[in-house]
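Before any comments, here is the structure.
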Amino acid sequence: MWQPISTAPFDRDLELAVMDRDGAHALVFPCRRILTGWIKSATKERVDISPTHWRIWEPANKEV
Numbered sequence: 214m215w216q217p218i219s220t221a222p223f224d225r226d227l228e229l230a231v232m233d234r235d236g237a238h239a240l241v242f243p244c245r246r247i248l249t250g251w252i253k254s255a256t257k258e259r260v261d262i263s264p265t266h267w268r269i270w271e272p273a274n275k276e277v
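In the numbering used here, the protein residues as written are 214 to 277.
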């Protein structure tokens, strides 16, 4: 279930999405929240995105 981005935790891998009138547009890789934005969990590379929603990353259900 998608949660509002304002409630995203800092200590875990998350699936991020932007929701619009066409539905959820989710990133295909896990991210982590940092004080200044978002990073890719695997590489620690900064991600320039303004997500609207998040949910826990479930690796068993994702193709990486």
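Quick reminder that beta carbons are idealized off the backbone N, C-alpha and C, glycines included.
Contact between K253 and F242 holds: CB atoms are separated by about 6 Å, below the 8 Å threshold.
Contact check for L240 against H266 fails: the beta carbons are separated by 9 Å or more.
In this structure, R259 and F223 do not form a Cβ contact; the two beta carbons are roughly 15 Å apart against a cut-off of 8 Å. Shortest Cα-Cα distance from E271 to any of S263, D233, A237, D226 involves D226. Taking 9 Å as the cut-off, the Cβ atoms of W215 and M232 count as close.
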